[in-house]
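Some notes on the structure that comes next.
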Amino acid sequence: MKKGFEDVDAIYPLVLNGVKIGIKLAIEVKIGKDRLSDDQKERMLEVEKCGGFYIVAKDIEQTIADVELKIKKLVSELTK
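Here the sequence shown stands for residues -9 to 70, numbered as in our numbering.
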């Protein structure tokens, strides 16, 4: 595996106007004062440039809220 890759690699299924799409979710788990490395920051930019979501997870509740917020924002942008 390439240096800097996320801890969790997932696809969020989404249906818009009857069309199924998958949104890339890259989740990096950080505990305590742990921070993103330069390789991880580069990976985050790569994922986001391609339209995916990069989430830094410190606790499960906030991670779920972050994913829901990003999905709602995307749906709002796509259905304008």
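Every residue, glycine too, gets a C-beta built ideally from N, C-alpha and C.
Could you give the DSSP three-state label for Leu15: helix, strand or coil? In the three-state DSSP reduction, Leu15 falls in the strand class (E or B).
Where the beta strand (DSSP E) through Leu6 begins and ends: Per DSSP, Leu6 belongs to the beta strand (DSSP E) from -2 to 6.
Per DSSP, Lys10 forms a beta bridge with which residues? Val5
Could you spell out the range, first to last residue, of the alpha helix (DSSP H) harbouring Ile50? 50 to 68
Span of the alpha helix (DSSP H) holding Asp29? Taken as a continuous stretch (DSSP letters only), the alpha helix (DSSP H) holding Asp29 covers 28 to 39.
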